[in-house]
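Number of protein chains: 2
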Amino acid sequence: MQLQVAIDRLTLDDAVTAAKKLDGHADIIEMGTSLVKDYGFAGMQAMRAAVVQSQLLVDLKTIDEGAYEFQQGFKAGADILTVMGASSWATIETVAKTTAAAGGTMMIDLLEVPQVKLKIITDVKRAIYALHHSKDRHDKLDPTATVAEFHHNFPQVQHIAIAGGVDLAGAKALAAQGLTDIVIVGGTIMNASDPVAATEEFMEAIR
Amino acid sequence: MQLQVAIDRLTLDDAVTAAKKLDGHADIIEMGTSLVKDYGFAGMQAMRAAVVQSQLLVDLKTIDEGAYEFQQGFKAGADILTVMGASSWATIETVAKTTAAAGGTMMIDLLEVPQVKLKIITDVKRAIYALHHSKDRHDKLDPTATVAEFHHNFPQVQHIAIAGGVDLAGAKALAAQGLTDIVIVGGTIMNASDPVAATEEFMEAIR
Chain A
1 MQLQVAIDRL TLDDAVTAAK KLDGHADIIE MGTSLVKDYG FAGMQAMRAA
51 VVQSQLLVDL KTIDEGAYEF QQGFKAGADI LTVMGASSWA TIETVAKTTA
101 AAGGTMMIDL LEVPQVKLKI ITDVKRAIYA LHHSKDRHDK LDPTATVAEF
151 HHNFPQVQHI AIAGGVDLAG AKALAAQGLT DIVIVGGTIM NASDPVAATE
201 EFMEAIR
Chain B
208 MQLQVAIDRL TLDDAVTAAK KLDGHADIIE MGTSLVKDYG FAGMQAMRAA
258 VVQSQLLVDL KTIDEGAYEF QQGFKAGADI LTVMGASSWA TIETVAKTTA
308 AAGGTMMIDL LEVPQVKLKI ITDVKRAIYA LHHSKDRHDK LDPTATVAEF
358 HHNFPQVQHI AIAGGVDLAG AKALAAQGLT DIVIVGGTIM NASDPVAATE
408 EFMEAIR
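Chains as they are written, first to last, in my numbering: chain A, 1 to 207; chain B, 208 to 414.
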């Protein structure tokens, strides 16, 4: 299982500094949507320059105009880009093509996607499907139960990620369960007094 | 009925030039999502400086972290911001509060929102509900039939907008129908040889 650390809601300078510190410690460093909407393409390039050893995921959250947004994201140097599962199937198909052409990876964010829609969109080969609990919701997510239920309902999905309030114990349980490719952690690491030490703690817990 | 002209997929310089030309001609000028993700907050401020007489809509397409994104959008000077109807209800409630606190206006983008979800989200007072056909889809939208059906199903919605391939005849028919507050036009105007003349033509058709 890999660890993805999400960097969000910082100035670009602070985000770049944080990314440089975490580079090589986390498997994947995420440039969060807030940074995309605050700093745009130039911000993506700055994050790419900061992340040399880890993979860079840019959380574009594309929901329309898939080809354009994914071309821009890969042009900026991202390894992985996100599309919303709530998009039209046409958008998901389009970004799958753009991703293949760019030799990149796509993550489908399943935030608020109903079961009936999941049945339509869970056949994209090589895509990572991210189970995602909205930050605006106040209820909590049980990581292993959520992954187990998704895997039971959609056994054809090969790559699962999970985001939304996963703590150290949750990450450890996910690793032991063996169904998840990527655990995504944001505030728990970034708000720690020492984010690099917190990253190492998570890395140790999931290995 | 008002006309909203969407500016998308240009360099910021060209977008600002276009916005200055259209300012005062269209009721609302839209900074499209591609410009947000390419140029970020500084891009929003540049568009705000260019649009003095018309209203400025920034097509944020927020789907999570509603308070942060809407605070940033209003801080940049937008009059109207968009949230995806596909968001969690918690996100929509959050941006409604942020919008009220900022004295701004919110538009709920109904792209790919199923009927069952529409029933939950159609009670936000003062919100504009935008019927929206994905640009990645190849089928066409019948504007007046789409609006009539939506109005029949959700008569409590007071403010309707529609986007997605509406041409001059479609805009005229929508104005005559009298159910739509805002018609949103992108490429048909922006790709015309003279976008200002095309805007005037639409404005005349809907008055």
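We treat Cβ as the ideally placed atom computed from N, Cα and C, and that holds for glycine.
- Residue-level contact check: residue 238 (chain B) does not touch chain A, since none of the beta carbons of chain A fall below 8 Å from its beta carbon.
- Going by DSSP, residue 22 (chain A) is part of the alpha helix (DSSP H) stretching over 12 to 22.
- Around the beta carbon of residue 193 (chain A), a 10 Å sphere encloses fewer than 16 other beta carbons of the protein chains shown; the residue is thus reported as exposed.
- Listed along chain A are 114, 116 and 117, each with a C-beta nearer than 8 Å to that of residue 321 (chain B).
- Shown in chain order are the members of the segment 294 to 316 of chain B whose Cβ falls below 7 Å from a Cβ of chain A: 294, 295, 297, 298 and 301.
- In this structure, residue 297 (chain B) sits near residue 137 (chain A), with a CB-CB distance shorter than 8 Å.
- The C-beta of residue 64 (chain A) comes closer than 8 Å to at least one C-beta of chain B.
- Contacts between residue 279 (chain B) and chain A, judged by CB atoms closer than 9 Å, involve 34, 37 and 38 in chain order.
- Counting along the chain, residue 208 (chain B) sits inside no beta strand (DSSP E), nor does DSSP assign it H or E at all.
- Here residue 146 (chain A) is buried: its Cβ has 16 or more other Cβ atoms, across all protein chains shown, within 10 Å.
- Here DSSP, grouped into helix, strand and coil, assigns residue 184 (chain A) to strand.
- Taking CB atoms only, residue 318 (chain B) has a neighbour in chain A less than 8 Å away.
- Interface with chain A (8 Å Cβ-Cβ cutoff): residue 275 (chain B) is included.
- Three or more beta-carbon pairs separated by less than 8 Å link the segment 30 to 41 of chain A to the segment 236 to 249 of chain B, which places the two stretches in contact.
- Of B:358, B:347, B:304 and B:258, the smallest CA-CA separation from residue 233 (chain B) is found for B:258.
- Between the C-alpha atoms of residue 65 (chain A) and residue 342 (chain B) there is a straight-line separation of about 6 Å.
- Per DSSP, reduced to three states, the secondary structure at residue 29 (chain A) is strand.
- Where residue 381 (chain B) is concerned, the enclosing alpha helix (DSSP H) starts and stops at 375 to 384.
- The distance from the Cβ of residue 174 (chain A) to that of residue 143 (chain A) is about 5 Å, consistent with a contact at the 8 Å cut-off.
- The Cβ neighbour count for residue 120 (chain A), taken over all protein chains shown within 10 Å, is under 16; the residue is labelled exposed.
- Bounds of the alpha helix (DSSP H) holding residue 146 (chain A) are 143 to 153.
- As DSSP reads the structure, residue 313 (chain B) sits in a beta bridge with B:288.
- Looking from the CA of residue 184 (chain A), the closest CA among A:109, A:114, A:155 and A:115 belongs to A:109.
- For residue 265 (chain B), the enclosing beta strand (DSSP E) covers residues 262 to 269.
- Taking a Cβ-Cβ threshold of 9 Å, none of the residues of chain A is close to residue 361 (chain B); the smallest such distance is about 19 Å.
- Exclusion of the five residues before and after residue 24 (chain A) leaves 52, 53 and 54 as the residues of its chain whose Cβ lies within less than 8 Å of its Cβ.
- Contacts between residue 14 (chain A) and chain B, judged by CB atoms closer than 9 Å, are missing: the closest CB pair is about 15 Å apart.
- In this structure, residue 407 (chain B) keeps its C-beta atom at 8 Å or more from the C-beta atom of residue 88 (chain A).
- Residue 165 (chain A) is positioned such that its CB atom lies no closer than 8 Å to that of residue 132 (chain A).
- Here DSSP, grouped into helix, strand and coil, assigns residue 370 (chain B) to strand.
- Under a 10 Å Cβ-count criterion, residue 280 (chain B) is classified as buried, with 16 or more other Cβ atoms of the shown protein chains found around its own Cβ.
- Within the same chain, Cβ atoms closer than 8 Å to the Cβ of residue 255 (chain B) are found at 263, 283, 284 and 285, the five residues on either side in sequence being excluded.
- Our two residues, residue 374 (chain B) and residue 347 (chain B), have alpha carbons roughly 11 Å apart in a direct line.
- Of the other Cβ atoms in all chains shown, fewer than 16 fall within 10 Å of the Cβ of residue 11 (chain A); this residue is therefore exposed.
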